[in-house]
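Residue numbers (the working numbering): 2 to 208. Where is the CB? At the ideal position from N, CA and C, for every residue including glycine. Accompanying notes for the structure given below.
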Amino acid sequence: MQIFTPSFDRRVYIFLLVILATTAVGIPFALYALWPGNVEAGYAPKQPIDYSHKLHVGELGMDCLYCHTGADRNAVAQVPSLATCMKCHSEVQTTDSKGELTANMQKLLEHWDAQEPIRWVNVHNLSDFVYFDHGRHVGYWDPEKQRQVKRMECQECHGPVEEMEVMSRHASLKMGWCLDCHKQEPQPDTSPGLATRGPLHCSACHR
Ligand code: HEC
Ligand code: HEC
Ligand code: HEC
Ligand code: HEC
Ligand code: HEC
Numbered sequence: 002m003q004i005f006t007p008s009f010d011r012r013v014y015i016f017l018l019v020i021l022a023t024t025a026v027g028i029p030f031a032l033y034a035l036w037p038g039n040v041e042a043g044y045a046p047k048q049p050i051d052y053s054h055k056l057h058v059g060e061l062g063m064d065c066l067y068c069h070t071g072a073d074r075n076a077v078a079q080v081p082s083l084a085t086c087m088k089c090h091s092e093v094q095t096t097d098s099k100g101e102l103t104a105n106m107q108k109l110l111e112h113w114d115a116q117e118p119i120r121w122v123n124v125h126n127l128s129d130f131v132y133f134d135h136g137r138h139v140g141y142w143d144p145e146k147q148r149q150v151k152r153m154e155c156q157e158c159h160g161p162v163e164e165m166e167v168m169s170r171h172a173s174l175k176m177g178w179c180l181d182c183h184k185q186e187p188q189p190d191t192s193p194g195l196a197t198r199g200p201l202h203c204s205a206c207h208r
């Protein structure tokens, strides 16, 4: 027995198909948007080796640029290679109370012996449709002094890194965060590099 006309049935099928297609696209999209690693502040993934900024920067007093070379002039801040770590750790080898290498030290040395890079997990990852340049933010070329001058501390955006046992994301990296700073009044013109603020037009960041 037929209750509905065939054309009505077809419409029901199409309706169901549309619902199905929407959830198939919608759920992964929602997951992506809500996943802490993509948009939220406070994201602190487990790293393959328990490297501590608190120890190396806070206690040993190392400079950020020793490891993140060029973050003050290049677009991208580098995460250091093992060779940078081994400048010290070929000598400094932490042992436990029994005099054996700690698990973290063993891992570090195994990677070095095998010449196998450590796969650090990205803590920050802006979408590809956003343009960001570290160098332009951290420093600027002062034509009078004829050298690169500091504009901003790393901590303004990355928070108190020297206290972080585990690296965690300080700012959300959402558009509103960038714009909040770009909208601020420029500082009094003590130096040409500070007497400027960031652009607000869309094409500055979406090129
Ligand atoms: C001894 C080397 C070393 C020094 C010094 C150092 N870092 Fe790092 N940094 C690393 C390593 C290794 C990682 C990757 C592992 C991790 O995230 O903990 C990293 C990760 C980071 C990240 C996250 C990168 C990402 O994946 O998005 C930021 C931001 C950062 N460092 C900022 C700083 C700042 C700011 C300073 C100075 C206050 C600093 N670092 C000093 C070695 C160093
Ligand atoms: C300027 C020298 C220096 C550099 C460069 C350096 N470290 Fe260290 N690191 C130290 C010192 C000093 C200690 C403390 C050693 C101790 O307490 O026995 C240490 C401790 C550590 C520890 C703790 C060991 C444990 O098991 O408790 C880890 C892990 C570590 N470093 C990883 C790294 C990594 C990864 C890099 C490269 C990104 C790096 N270090 C670069 C000097 C350095
Ligand atoms: C104006 C804000 C700002 C300042 C100042 C800043 N950073 Fe960043 N940093 C960011 C943003 C935004 C990202 C994410 C970039 C991306 O994913 O493309 C980032 C990413 C990083 C990364 C991961 C690698 C990369 O480039 O994606 C490291 C390491 C890092 N910053 C270190 C530093 C250090 C060291 C300093 C100081 C010399 C510094 N940052 C100053 C905003 C800033
Ligand atoms: C703490 C303040 C601050 C934050 C946060 C900040 N900016 Fe800026 N930005 C500035 C200042 C100041 C300038 C002006 C630099 C100049 O004129 O050289 C600037 C300049 C720029 C420029 C133009 C220079 C260039 O590289 O072409 C771009 C693009 C830019 N910012 C993108 C971003 C993005 C994307 C974010 C967020 C992920 C961001 N900024 C977060 C302060 C900030
Ligand atoms: C200072 C840099 C900056 C400027 C200027 C800027 N944006 Fe964005 N925009 C961003 C960042 C950062 C994101 C977030 C990227 C992410 O989530 O990874 C973003 C995300 C977006 C998105 C995706 C939806 C969302 O909110 O995450 C749209 C659409 C967008 N911007 C449009 C615009 C338009 C239109 C303008 C001009 C009125 C503009 N943007 C100006 C930095 C900027």
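For Arg208 and Ser82, the rounded distance between their alpha carbons: Rounded to whole angstroms, Ser82 and Arg208 show a C-alpha spacing of 30 Å.
Verify whether the separation of the beta carbon atoms of His54 and Val122 is less than 8 Å. no
For Thr24, three-class secondary structure by DSSP: helix
Which residue wins for smallest C-alpha separation from Ser91, given the options Met106, Met165 and Asp97? Met106
Below 8 Å, how does it come out for the region 150–164 and the region 121–141: are there three or more Cβ pairs, yes or no? These segments touch.
When DSSP labels each residue in this structure, what does Leu201 get in the three-state scheme? Leu201 falls in the coil class under three-state DSSP.
Output the distance between the C-alpha atoms of Glu164 and Trp178, rounded to the nearest integer angstrom. 22 Å
Alpha helix (DSSP H) containing Gly136: first to last residue? His135 to Val139
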